[in-house]
Amino acid sequence: MAKKLMKGNEALAEAAIRAGVKGYFGYPITPQSELLEYLSRELPQRGGAFLQAESEVAAINMVYGAAGVGERVMTSTSSPGFSLMQEGISYIACAELPCLLVNVMRGGPGLGTIQPSQGDYFQAVKGGGHGDYKLPVLAPNSVQEMAEFVYDGFDLADKYRNPVLILSDGALGQMMEAVEFPDYDVEAHKVDHSDWATRGRRKGHDHNVITSLYIQPDKMELINQHLQEKYRLIEANEVRFESIMTEDADYLLVAFGLSSRVAHKSVEMAREKGLKAGLLRPITLFPFPSEILSQLADQVSGMLVVEMNTGQMVEDVRLAVSGKVPVQFYGRQGGMIPQPDAILHEIEKYYEEHFAAEVN
Amino acid sequence: MTQLFPEKTDDPYLYLAGDESYKCELIEEMNQVWRRPDSLIDTPMHYCPGCGHSIAHRLLMEVVEELDIVERTVGIAPVGCAVFAYNYLNVDMQEAAHGRAPAVATGIKRVLPDRILFTYQGDGDLAAIGTAETIHAVNRGEKIVIVFINNGIYGMTGGQMAPTTLAGAKTSTTIFGRDPSVHGHPLRIAEMIAPLPGAYYVTRQAVNTANHVRKTKKALLKAFQYQIDNVDGTCFVEIVSNCPSGWKMTPLESNELLEDEIFQFYKLGDLKLPGKE
Amino acid sequence: MAKIHGHISINIENCKGCELCTNECPQESLKMSDNINKKGYHYAVLVEDNCTGCTNCAMVCPEAIITVYRQTKQKRQPVAVISNVTENLNINID
Ligand code: SF4
Ligand code: SF4
Ligand code: SF4
């Protein structure tokens, strides 16, 4: 299939239709509104239901209902809207309903800005709502991946009966790049959910019930343990990352999403100067690629985490390397994007301090 | 099947009633004129004695059985006393977050339009935390049945004021009585939504007497039939009910209060009938 | 007017003693027992044989534990057949 020039948000929306989404429920918020607009135009003609809800709160609960009948459903929003959805996501996670969520992050806290940010990392990977739950989090860094991760996201959701989050940002959502949609056979990827989905009582069966309420604490504890087992399984099987020039690296940058693009550029610039920097890009933020980071910590002498926030993923990196090497942080906030030069400057500073290297 | 008489009949009343020659001829399947609907799961309900929730549950199951839609129906349970409605209603059920039942039902109806959806919500759920979801679901004319149990109090959390609590009524958060200038006014939500174009059928019923129960059943039958007929709009059945525990009364006293005071404010009857304004 | 025979049975172990049925019975056929069931509630019992099977008690019983029976027409046996030149007349006495 020929490549097509598309905005990230639109590519994601198109991929969702191709992945067989049967329901989209959302609410307009910059910078993800193109997604909503695209689906409002296309989805009803291509076999799905589109509904603009009265709020993000309603939208996520519509997703809860529709996911509960075992159909592929999704919503998308941006940071403040994602906060509003946390209640529903917690319920969805506990009731183990497969669905796809998209957060096209913007600068916060509060109403913040409409420019790109990565300030929702904690909210995305540590739970976000109340109670102990996790979402597999996929972090694309290109328009192509905005599209591809939709298929992965739905498949993961169906496989684990868990909501899956695509954590993007305003820049990726708005930028135009060439994108190629993979062949994807929706029927072949269909998972039979009829044993738990509430599609109307099946003949000869008792009713199906979807709930997140187990009033007896011992029962609720079992539910918690069951969820945790599932998350361990996800950690064992689904870690994804990208290594760039790490084979011979003695200094490692760690960045995800948009900042990994900038960091990539900085690593290339450092290499030109003879500095052996490398980049590890976590693609799944949960499960976090801790093992590879721990291995790389034995190889490199230091790490630099680059994020568009005040330092969130850096905590997970530090946990992963558990003190083996110093882990530094460079970040911009509030909708500002780090510049390759500035990151390069950080790299150079490191080499000067630690190797007394003359960097020209 | 129900047990006719207990083993031990040291009860003088039972002895009287247990007259063999009398009972044998009538207690037969063919003579049965009313029995518990099969879809009402055969387990004691957790509701307080005399609580109207139980009656509303039973009516819903009678209605889905009579309309033969047990296998097409999906119900949404609320947060509140009826949070465990799914333990009694043997149709597929989802438990919604507080107030979000109309949104949850919307989600299902939009992806599976041939299913019959109902939400079952109390006053705190529907008229306070879920007001937006209620109004917008009705305004979109979602093809669902909203069953609204209005007992003017938060029963499950221990009898706090609800949006529908009458002025002057004492609750655990209005111990000197609800003062509208401080606590706001009682909300007539059915009157609010009836004028919306998306509302197809809006009615207010009760379950405190046998006749009211029969009327409520008729209203529910109508509402579900409309949905089966795929009419353009939402059906809203309010049931003004009691909460003996929350009102701190016996069931009989609570039913009297309904007749004496509450129906004066929440007038029973149809608020919107198809084709009439 | 012929009297209609009815009867009810109550699953007394699930009765919660709310007294709604006794209050609603037009025939005053029901009373609350002095005994209590396993849950500790005084339960309702049919104490008169004048029940008409009107279902009022079953309508208001929150626990849905009352089954109502009513004598069906088909079950009635003619007690007398009066012959007439134009037609036969069956008389039922209830
Ligand atoms: S608290 Fe009130 S509404 Fe809740 S079950 Fe008891 S009587 Fe019914
Ligand atoms: S069926 Fe009617 S007459 Fe018979 S006990 Fe019940 S209420 Fe009374
Ligand atoms: S109405 Fe039902 S629960 Fe209440 S006393 Fe009568 S039989 Fe018992």
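Residue numbers (the numbering used here), protein chains in the order written: chain D, 1 to 360; chain S, 1 to 277; chain Y, 1 to 94.
Beta carbons: idealized from backbone N, C-alpha and C, even for Gly.
- Residue contact with chain Y for Gly75 (chain S): absent (no Cβ-Cβ distance below 8 Å to any residue of chain Y).
- In its chain, beyond the 5 residues on either side, Ile76, Gln94, Ala96 have a beta carbon closer than 7 Å to the beta carbon of Val104 (chain S).
- Taking the Cα of Met245 (chain D) as reference, the smallest distance to any Cα among D:Lys7, D:Leu293, D:Ser294, D:Gly278 is reached at D:Gly278.
- Scanning the stretch 38 to 64 of chain Y for uninterrupted alpha helix (DSSP H) segments of 4 residues or longer gives 56 to 60, listed from N- to C-terminal end.
- Here the stretch 149 to 159 of chain S lies against the stretch 244 to 255 of chain S, with 3 or more beta-carbon pairs under 8 Å apart.
- At the C-beta level, Thr73 (chain S) and Gly200 (chain D) come within 8 Å of one another.
- Contact annotation: Leu60 (chain S) and Val182 (chain S) have beta-carbon atoms that are not nearer than 8 Å.
- Our two residues, Gly17 (chain Y) and Tyr43 (chain Y), have alpha carbons roughly 5 Å apart in a direct line.
- By the beta-carbon neighbour count (other beta carbons within 10 angstroms, threshold 16), Ile234 (chain D) is buried.
- In the three-state reduction of the DSSP assignment, Leu275 (chain D) falls in the coil class, being assigned neither a helical nor a strand state.
- For chain Y, none of the residues of the stretch 222 to 248 of chain S brings a beta carbon within less than 7 Å of one of its beta carbons.
- Under the three-state reduction of DSSP output, Tyr69 (chain Y) falls in the strand class.
- Among the bridge pairs identified by DSSP, Val305 (chain D) is matched with D:Val254, D:Phe329.
- From the listed residues D:Glu145, D:Ala157, D:Gly119, the smallest Cα separation to Pro136 (chain D) is found for D:Ala157.
- Those residues whose C-beta sits under 6 Å from the nearest heavy atom of ligand 1 are, from N- to C-terminal order along the chain, S:Tyr47, S:Cys48, S:Cys51, S:His53, S:Cys81, S:Asn151, S:Gly155, S:Met156, S:Cys243, S:Pro244, S:Ser245, S:Gly246.
- Scanning chain D for C-beta atoms nearer than 8 Å to the C-beta of Arg100 (chain S) yields Val57, Ala58, Asn61, Tyr64, Gly88, reported in chain order.
- Chain S places no beta carbon closer than 8 Å to that of Gln27 (chain Y), leaving this residue out of the contacts.
- Ranked by Cα distance from Thr310 (chain D), the options D:Pro98, D:Arg72, D:Arg332 are led by D:Arg332.
- For Gly40 (chain Y), the closest alpha carbon among the candidates Y:Ile4, Y:Glu13, Y:His5 is that of Y:Glu13.
- Contact check for Arg161 (chain D) against Glu71 (chain D) fails: the beta carbons are separated by 8 Å or more.
- Here the stretch 224 to 244 of chain S lies against the stretch 63 to 71 of chain S, with 3 or more beta-carbon pairs under 8 Å apart.
- Interface residue (Cβ-Cβ distance to chain D less than 8 Å): His136 (chain S) is classified as such.
- Counting along the chain, Gly108 (chain D) sits inside no alpha helix (DSSP H), nor does DSSP assign it H or E at all.
- One finds Pro62 in chain Y with Cβ atoms closer than 8 Å to the Cβ of Tyr47 (chain S), taken in chain order.
- Secondary structure note for Pro80 (chain D): its alpha helix (DSSP H) is the uninterrupted segment 79 to 95.
- Asn103 (chain D) counts as buried, since at least 16 other C-beta atoms from the protein chains shown sit within 10 angstroms of its C-beta.
- A straight line joining the alpha-carbon of Lys276 (chain D) with that of Ala270 (chain D) spans about 7 Å.
- Between the alpha carbons of Glu29 (chain S) and Ala206 (chain S) lies a gap of roughly 30 Å.
- Looking at the backbone, the Cα of Gly130 (chain S) and that of Arg100 (chain S) are separated by about 6 Å.
- Exposed is the label assigned to Ile215 (chain D), since fewer than 16 other Cβ atoms lie within 10 Å of its Cβ.
- Minimum Cα-Cα distance from Cys235 (chain S) among the listed residues S:Arg115, S:Val79, S:Pro49, S:Ile144 corresponds to S:Ile144.
- In this structure, DSSP gives Ala124 (chain D) a helical state, which the three-state scheme calls helix.
- For the 8 Å CB-CB criterion, His185 (chain S) and Ala167 (chain S) form a contact.
- Nearest neighbour of Pro163 (chain S) by Cα position, chosen from S:Asp123, S:His136, S:Ile55, turns out to be S:Asp123.
- A distance criterion of 7 Å places the beta-carbon of Ile55 (chain S) beyond contact range of ligand 3, judged by its closest non-hydrogen atom.
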